[in-house]
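**Student:** Sending over a structure as structure tokens; questions will come in a sec.
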Amino acid sequence: MSTEDKHLNNGEPEIDPLTNDRYLGGHEYDGIRELDNKMPRWWLVLFYASIVFAAVYLVGYHITEWWPLQDEEYEMEMTAAKSAMPANPHASVDLDGLMPLTAENDLAAGEEIFNKICATCHGKFAEGLVGPNMTDMFWIHGDTTSNAIRVKDLYQVMLTGVIEKGMISYKDQLSPTEMQQVISYIFTLQGTNPPKPKAPEGHEYQVIG
Ligand code: HEC
């Protein structure tokens, strides 16, 4: 079937008097004829622009991979976010090398932290309450083979916490220095025999500090 324009006998295109559009040939059924309705310019512009866009998209995203696809973009953002996060400050601490601090200002800072955070569970004098007594040689956590309680043993408990017993981890709340300060303060309480001490818990160690 031809879709050529319908022409008058003199060769002029046949025009619909109502719309001024030309008639198309080859589309006539039961006397109904098709007009050559031109697509509006804006529609054509959009149509061709979408073809150009699709071509650029196909080449840019899928063939040359100039630009990342959604999944890659997600991965890149996650990696960037991870590297922007502050690293765990405790990760670089050499636990084995830690010694109790002795400077007065460190011990004062440690006492302040202890009173503010730890005393509610360990007692004002570290005599023990919910948490164990920390003024005696008995410790629940520690290295029984060495028979010594060191800074690193308390540090380890404070890092990991003992959640099921109610001792939380302080790794996000206290800096490495603050950890050392409060631990050093606790060491100074050794043998202070506070009133109403909690009964000994754990293993009795020979050396502390
Ligand atoms: C909410 C209560 C609570 C708070 C607050 C708390 N602790 Fe504890 N802590 C506990 C309990 C309970 C245990 C005993 C864990 C166990 O049985 O293993 C414990 C155990 C410990 C131990 C190990 C003692 C041992 O005998 O081995 C250390 C060290 C310690 N806490 C330090 C601290 C410090 C330092 C703070 C403050 C920064 C603190 N805790 C705050 C409840 C608490």
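Heads up: the sequence shown begins at 32 in the numbering used here, then just goes up one per residue. Every residue, glycine too, gets a C-beta built ideally from N, C-alpha and C. Quantities reported herein were computed from a predicted structural model and do not represent experimental measurements.
1. Secondary structure at Ile144, three-state DSSP: helix, strand or coil?
2. Comparing C-alpha positions only, which one of Gly57, Leu100 and Asp203 sits nearest to Met189?
3. Where do the N-terminal and C-terminal ends of the alpha helix (DSSP H) with Leu75 fall, by residue?
4. So the candidates are Ala230, Asp174, Thr219 and Ile94; which of them puts its Cα closest to the Cα of Gly141?
5. Kindly list the residues whose CB is nearer than 8 Å to the CB of Ser215, restricted to its own chain and excluding five residues on each side of it in sequence; keep chain order.
6. Using the C-alpha atoms, what's the distance from Glu108 back to Asp36?
7. DSSP has Met198 in a bridge; who is on the other side?
8. May I ask you to check if the CB of Thr151 is nearer than 7 Å to at least one heavy atom of ligand 1?
9. What are the start and end residues of the alpha helix (DSSP H) that includes Asp217?
10. Are there 16 or more other CB atoms within 10 angstroms of the CB of Tyr186, so buried, or fewer, so exposed?
11. If we count Cβ pairs, one from each stretch, closer than 8 Å, do we get three or more for the segment 218-238 versus the segment 159-176?
12. Please list, in chain order, all residues of the same chain as Gln237 whose beta carbon is under 8 Å from its beta carbon, the five residues on each side excluded.
13. Between the alpha carbons of Ser81 and Leu55, how many angstroms are there, rounded?
14. Closer than 7 Å to a non-hydrogen atom of ligand 1 - does that hold for the CB of His121?
15. Below 7 Å, is the gap between the Cβ of Ile148 and the nearest heavy atom of ligand 1?
16. Grab the span of the alpha helix (DSSP H) containing His153 for me, first residue to last.
17. Can we count Phe84 as close to ligand 1, meaning its CB is less than 7 Å from some heavy atom?
18. Give the straight-line distance between the Cα atoms of Ile63 and Tyr79, rounded to the nearest whole angstrom.
19. When you measure from the CB of Val193 to every non-hydrogen atom of ligand 1, does any distance come out below 7 Å?
20. Could you check whether the Cβ of Tyr201 sits closer than 7 Å to any heavy atom belonging to ligand 1?
**Tutor:** In short, the structure shows the following:
1. For the purposes of this step, residue 144 is identified with residue 113 of the sequence shown, where counting begins at 1. Three-state result, Ile144: helix.
2. On the sequence shown, residue 189 is found 158 positions in, with the first residue counted as 1. In terms of Cα proximity to Met189, the closest of Gly57, Leu100 and Asp203 is Asp203.
3. As a working mapping, residue 75 is identified with position 44 in the sequence shown. Following the DSSP letters along the chain, one finds Leu75 inside the alpha helix (DSSP H) bounded by residues Arg72 to Tyr88.
4. To locate residue 141, count along the sequence shown from 1; it is residue 110. If we check each option's Cα against that of Gly141, Thr219 comes out closest.
5. Stepping through the sequence shown from its first residue, residue 215 is reached at position 184. Pro131, Leu132, Thr133, Asp137, Leu138, Gly141 and Val182, listed in sequence order.
6. Along the sequence shown, read from residue 1 onward, the residue named residue 36 stands at position 5. Along the sequence shown, read from residue 1 onward, the residue named residue 108 stands at position 77. Answer to the nearest angstrom: the Cα atoms are 58 Å apart.
7. Taking the sequence shown and counting its residues from 1, the one referred to as residue 198 is at position 167. In DSSP, Met198 forms a bridge with Val193.
8. If you number the sequence shown from 1, residue 151 lands on position 120. Flag set: Cβ of Thr151 near ligand 1.
9. Here residue 217 refers to the residue found at position 186 when the sequence shown is read from its first residue. Per the sequence presented here, residue 217 reads as Ile, with Asp not at that position. From DSSP, the alpha helix (DSSP H) with Ile217 extends over Pro207 to Thr219.
10. Taking the sequence shown and counting its residues from 1, the one referred to as residue 186 is at position 155. Buried: at least 16 other Cβ atoms inside 10 Å.
11. Touching, yes, given that three or more Cβ pairs across the two stretches are closer than 8 Å.
12. Position 206 of the sequence shown holds residue 237. The residues Met168, Asn178 and Ala179, in chain order, have a CB closer than 8 Å to that of Gln237 in the same chain once the five nearest residues on each side in sequence are set aside.
13. On the sequence shown, residue 81 is found 50 positions in, with the first residue counted as 1. On the sequence shown, residue 55 is found 24 positions in, with the first residue counted as 1. Approximately 28 Å, taken between the alpha carbons.
14. As a position in the sequence shown, residue 121 is number 90, starting the count at 1. Set against 7 Å, the gap from the CB of His121 to the closest heavy atom of ligand 1 is not smaller.
15. Along the sequence shown, read from residue 1 onward, the residue named residue 148 stands at position 117. The answer is yes for Ile148.
16. In the sequence shown, residue 153 corresponds to position 122, counting from 1. Here the alpha helix (DSSP H) through His153 covers Ala150 to His153.
17. Against the sequence shown, residue 84 aligns to sequence position 53. Checking the Cβ of Phe84 against ligand 1 gives no.
18. Numbered from 1 along the sequence shown, position 32 holds the residue referred to as residue 63. Numbered from 1 along the sequence shown, position 48 holds the residue referred to as residue 79. Their backbone Cα atoms lie some 31 Å apart in a straight line.
19. Within the sequence shown, numbered from 1, the residue matching residue 193 stands at position 162. Relative to ligand 1, Val193 has its C-beta within less than 7 Å of a heavy atom.
20. Residue mapping note: residue 201 aligns to position 170 of the sequence shown, counting from 1. For ligand 1, at least one heavy atom lies less than 7 Å from the Cβ of Tyr201.
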